[in-house]
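These notes are about the structure you will find just below.
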Amino acid sequence: MDTGCLSSMNITGTSQARSFAGQLPTHRCFASSSIQALKSSQHVSFGVKSLVLRNKGKKFRRRLGALQVVCQDFPRPPLENTINFLEAGQLSSFFRNSEQPTKPLQVVIAGAGLAGLSTAKYLADAGHKPILLEARDVLGGKLLGRMKMEIGMKLGFISFNLFGELGINDRLQWKEHSMIFAMPNKPGEFSRFDFPETLPAPLNGIWAILRNNEMLTWPEKVKFALGLLPAMVGGQAYVEAQDGFTVSEWMKKQGVPDRVNDEVFIAMSKALNFINPDELSMQCILIALNRFLQEKHGSKMAFLDGNPPERLCMPIVDHVRSLGGEVRLNSRIQKIELNPDGTVKHFALTDGTQITGDAYVFATPVDILKLLVPQEWKEISYFKKLEKLVGVPVINVHIWFDRKLKNTYDHLLFSRSSLLSVYADMSVTCKEYYDPNRSMLELVFAPAEEWVGRSDTEIIEATMQELAKLFPDEIAADQSKAKILKYHVVKTPRSVYKTIPDCEPCRPLQRSPIEGFYLAGDYTKQKYLASMEGAVLSGKLCAQSVVEDYKMLSRRSLKSLQSEVPVAS
1 MDTGCLSSMN ITGTSQARSF AGQLPTHRCF ASSSIQALKS SQHVSFGVKS LVLRNKGKKF
61 RRRLGALQVV CQDFPRPPLE NTINFLEAGQ LSSFFRNSEQ PTKPLQVVIA GAGLAGLSTA
121 KYLADAGHKP ILLEARDVLG GKLLGRMKME IGMKLGFISF NLFGELGIND RLQWKEHSMI
181 FAMPNKPGEF SRFDFPETLP APLNGIWAIL RNNEMLTWPE KVKFALGLLP AMVGGQAYVE
241 AQDGFTVSEW MKKQGVPDRV NDEVFIAMSK ALNFINPDEL SMQCILIALN RFLQEKHGSK
301 MAFLDGNPPE RLCMPIVDHV RSLGGEVRLN SRIQKIELNP DGTVKHFALT DGTQITGDAY
361 VFATPVDILK LLVPQEWKEI SYFKKLEKLV GVPVINVHIW FDRKLKNTYD HLLFSRSSLL
421 SVYADMSVTC KEYYDPNRSM LELVFAPAEE WVGRSDTEII EATMQELAKL FPDEIAADQS
481 KAKILKYHVV KTPRSVYKTI PDCEPCRPLQ RSPIEGFYLA GDYTKQKYLA SMEGAVLSGK
541 LCAQSVVEDY KMLSRRSLKS LQSEVPVAS
């Protein structure tokens with residue numbers, strides 16, 4: 001688990017703006033110093049008083065109020081012929097084309113996050129009846145603490161495939177193909193990596209890196225490239241072998257300058273797993289880089305156009321229910337009750353209800369699973385290895401200001417702050433929060449280990465101090481400039497699993513050694529590691545395991561029913 005702005009300093013007149021706009025598909029954003037030019041364009045959808053500049057490989061600082069910006073979404077990139085999209089489509093066809101069961105399995109699933117929703121969706125597609133149980137009164141799981149911008153960033157091609165299956169492709173707002181970094185030592189300035197649409201991968205990525213001269217010098221680029229050569233030559237086997245190294249350790253081992261780590265990989269590590277490179281496994285970084293280098297649109301981003309439970313989760317629920325499945329909220333698992341043979345008898349809920357099925361799936365975060373693993377299972381290697389998998393704390397901060405901030409973009413921004421990871425002005429990037437007069441920033445506060453136990457007030461104060469560096473002309477820590485109208489702090493003590501070295505061997509397959517018991521979640525074995533895309537794929541693989549085990553599960557259910565039939569005297 002990419003909407004954006006196209007902008008230029010060279011648009012200065014009405015005729016130029018009209019000519020440029022005429023080349024744009026619907027869904028773009030351009031800038032002009034002439035308000036009349038904006039009025040004359042047929043492609044104007046809404047105006048935002050903000051400055052958006054395209055950096056042509058040079059450093060810059062914005063001159064506030066210099067331009068008027070008109071934003072529309074970028075077109076959806078052509079994903080249909082990419083390897084990952086095709087693989088996702090092939091796996092989806094497995095469910096649609098599988099032999100319809102004579103007696104559908106009743107599959108009880110704990111957890112209505114993306115992993116549980118995905119499991120339920122594909123089981124229903126295969127003709128079975130999922131019963132999805134969610135402990136809270138809202139769908140989405142870890143999505144509830146995630147920003148709409150992150151959803152676009154981390155939902156990859158397999159998830160875009162899911163959007164198409166549900167008929168909701170139009171809910172993704174694609175951004176221009178760029179990565180934009182704040183410059184901590186030059187407050188108010190940004191540096192861009194722009195990926196040209198005319199070049200294939202990996203040339204578009206190489207071009208983006210070569211054109212950026214603010215963050216890395218040429219000698220640093222050369223040494224970094226030389227350090228990456230073993231990964232390029234060794235392929236997947238090399239990538240997997242680097243799981244034992246942190247990012248920082250790998251950089252030193254390969255002779256990559258420390259500044260490459262400081263300038264690029266601190267921000268990248270925090271965006272990928274909410275931790276710093278001295279903790280993150282290098283395998284995670286190499287998987288991301290491999291994707292950027294192999295897939296033309298692999299680093300392209302999109303924003304969900306609104307609230308995740310409504311805009312993403314509900315279409316899945318509607319689909320499941322239309323095929324006979326059930327989704328129940330406020331259904332918290334208290335205990336996994338076992339049969340004498342160690343298999344699952346039923347899920348016992350906190351309200352005293354017992355939910356039985358032909359198969360059982362746990363699609364909660366790994367930390368919740370570990371609390372509920374029955375004592376009889378704890379010494380089994382499959383479950384014992386889970387102890388090393390721990391969710392990472394993360395905090396999401398939402399701040400509504402009394403004015404429109406101008407030092408921003410219609411895009412995801414890497415803050416490169418010691419306390420913040422990525423952020424965006426949702427009043428520009430997301431349709432649901434569009435506001436021409438006031439900004440609403442969503443920010444990821446990470447690493448959050450030392451902050452998750454602190455008060456919301458302390459977190460907001462620290463956030464404002466960091467924002468004062470990013471918006472020096474518009475925000476002051478004491479609110480003497482932009483004032484906060486309201487804020488919302490979302491703490492997730494255990495989010496995605498912490499991708500530290502040597503975790504990979506501990507990640508379980510979706511099919512457990514207990515007959516009829518399965519797992520789904522980003523921590524389970526799948527190629528996208530700790531991500532929303534990984535959660536969706538894990539649910540798909542979990543559903544595949546259940547469908548493949550249909551005959552065995554049917555026999556078990558029949559045997560169980562026969563054992564319950566009373567013998568006539």
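FYI, the numbering for the sequence shown is 1 to 569, going by UniProt numbering. For each residue, glycine too, the CB sits at the ideal point set by N, CA and C. This structure is a prediction, so every number in the text was calculated from the model and none was measured.
1) Would you say the segment 407-416 touches the segment 536-547, given that touching needs at least three Cβ pairs under 8 Å?
2) CA-CA distance, Pro-257 and Gly-227?
3) Is Leu-323 near the ligand MN, judged by its Cβ being under 7 Å from some heavy atom?
4) I need the boundaries of the alpha helix (DSSP H) containing Trp-400, first residue and last residue.
5) Any idea if Gly-235 is buried or exposed, counting beta-carbon neighbours within 10 angstroms, 16 or more meaning buried?
6) Between the C-alpha atoms of Tyr-423 and Trp-250, what's the straight-line distance to the nearest angstrom?
7) How would you call Cys-5, buried or exposed, if buried means at least 16 neighbouring beta carbons within 10 angstroms?
8) Give the straight-line distance between the Cα atoms of Tyr-487 and Ile-180, rounded to the nearest whole angstrom.
9) Let me know the secondary structure DSSP gives Leu-144 once reduced to three states.
10) Leaving out five residues before and five after Asp-435 in sequence, what residues of the same chain have Cβ atoms less than 7 Å from its Cβ?
11) Note down the Cα distance separating Val-444 from Leu-558, rounded to an integer number of angstroms.
12) Going by C-alpha to C-alpha distance, which of Asn-169, Asn-276, Leu-293 sits closest to Asp-305?
13) Please work out which residues of its chain come closer than 8 Å, Cβ to Cβ, to Pro-513, disregarding the five sequence neighbours upstream and downstream, and give them in chain order.
14) Tell me the DSSP bridge mates of Gln-354?
15) Hey, quick one: how far does the alpha helix (DSSP H) through Ala-424 stretch, first residue to last?
16) Examine the Cβ distances between the segment 77-96 and the segment 305-316 and report whether three or more of them are shorter than 8 Å.
17) Over what stretch of residues does the alpha helix (DSSP H) that includes Gln-294 continue unbroken?
18) By alpha-carbon positions, which one of Ala-115, Phe-414, Val-373, Glu-295 ends up nearest to Pro-77?
19) Note down, in chain order, each residue of its chain lying with its Cβ closer than 7 Å to the Cβ of Asp-402, except the 5 sequence neighbours on either side.
20) When you compare each of Glu-515, His-128, Ala-462, Ala-124 to Asp-341 by their alpha carbons, which one comes out closest?
21) Within the segment 462-505, note down every full beta strand (DSSP E) run reaching 3 residues or more, in order along the chain.
22) Given that a residue counts as buried once 16 or more other Cβ atoms are within 10 Å of its Cβ, and exposed if not, what is Ser-299?
23) Quick one: residues in its chain with C-beta nearer than 8 Å to the C-beta of Glu-240, no 5 flanking neighbours on either side, listed in chain order?
24) Specify the secondary structure class of Lys-385 as computed by DSSP and reduced to three states.
25) Since Leu-519 is in the beta strand (DSSP E), which residue starts that stretch and which ends it?
26) Note the first and the last residue of the continuous beta strand (DSSP E) segment covering Trp-174.
27) How about Ala-120 and Ile-109: are their beta carbons less than 8 Å apart?
28) Excluding the 5 residues flanking Met-153 on each side, which residues of the same chain have their C-beta closer than 7 Å to its C-beta?
29) Report the option in Glu-80, Gly-127, Glu-376, Leu-133 whose CA atom is closest to the CA atom of Thr-353.
30) Taking the alpha carbon of Met-464 as the point to measure from, which residue in Thr-429, Gly-453, Ser-417 has its own alpha carbon closest?
31) Quick one: Cα of Leu-329 to Cα of Ala-468, how far?
32) Label Asp-358 either buried or exposed according to how many other C-beta atoms from any shown protein chain fall within 10 Å of its C-beta, with 16 as the threshold for buried.
33) How about residue 582 and Lys-270: are their beta carbons less than 8 Å apart?
34) With a threshold of 8 Å, are at least 3 pairs of Cβ atoms found where one atom belongs to the segment 180-197 and the other to the segment 206-222?
If we stick to the structure as given:
1) no
2) 10 Å
3) Only the bare structure without any ligand can be found here, which leaves the ligand MN out of the picture.
4) Looking at the DSSP string, Trp-400 is not in any alpha helix (DSSP H); the run it does join, the beta strand (DSSP E), is 394-401.
5) Its Cβ having fewer than 16 others within 10 Å, Gly-235 is exposed.
6) One C-alpha to the other measures close to 28 Å.
7) Only weak support exists for where Cys-5 lies, its pLDDT of 32 falling under 50; the value from the coordinates is given anyway. Buried is the call here.
8) If you draw a straight line from the Cα of Tyr-487 to the Cα of Ile-180, it is about 25 Å long.
9) helix
10) So the list reads Ser-427, once near-sequence residues are dropped.
11) Cα-Cα distance, rounded: 50 Å.
12) Asn-169
13) Ile-380, Tyr-382
14) Ala-348
15) Not the alpha helix (DSSP H): Ala-424 falls in the beta strand (DSSP E), residues 420-425.
16) A contact between stretches requires three or more CB pairs, one per stretch, nearer than 8 Å, and the segment 77-96 fails this requirement with the segment 305-316.
17) 282-294
18) With respect to the C-alpha of Pro-77, the residue from Ala-115, Phe-414, Val-373, Glu-295 having the closest C-alpha is Glu-295.
19) Arg-438, Ala-482, Lys-483, Leu-485
20) Glu-515
21) 484-492
22) buried
23) Around Glu-240, the same chain offers Gln-283, Glu-504 as residues with beta carbons nearer than 8 Å, after the five sequence neighbours per side are excluded.
24) helix
25) Annotation for Leu-519: the continuous beta strand (DSSP E) segment containing it runs 517-519.
26) 172-174
27) yes
28) Its pLDDT being 42, under 50, Met-153 is placed unreliably by the model, and the measurement read from it follows with that caveat. Met-301, Leu-412, listed in sequence order.
29) Ranking the options by Cα distance to Thr-353, first place goes to Leu-133.
30) Ranking the options by Cα distance to Met-464, first place goes to Ser-417.
31) When rounded, the separation of the alpha-carbon atoms in Leu-329 and Ala-468 is 41 Å.
32) Asp-358 should be labelled buried.
33) Missing from the structure shown is residue 582; the chain here goes from 1 to 569 and no further.
34) Here the segment 180-197 makes contact with the segment 206-222; the two share three or more CB pairs at distances below 8 Å.
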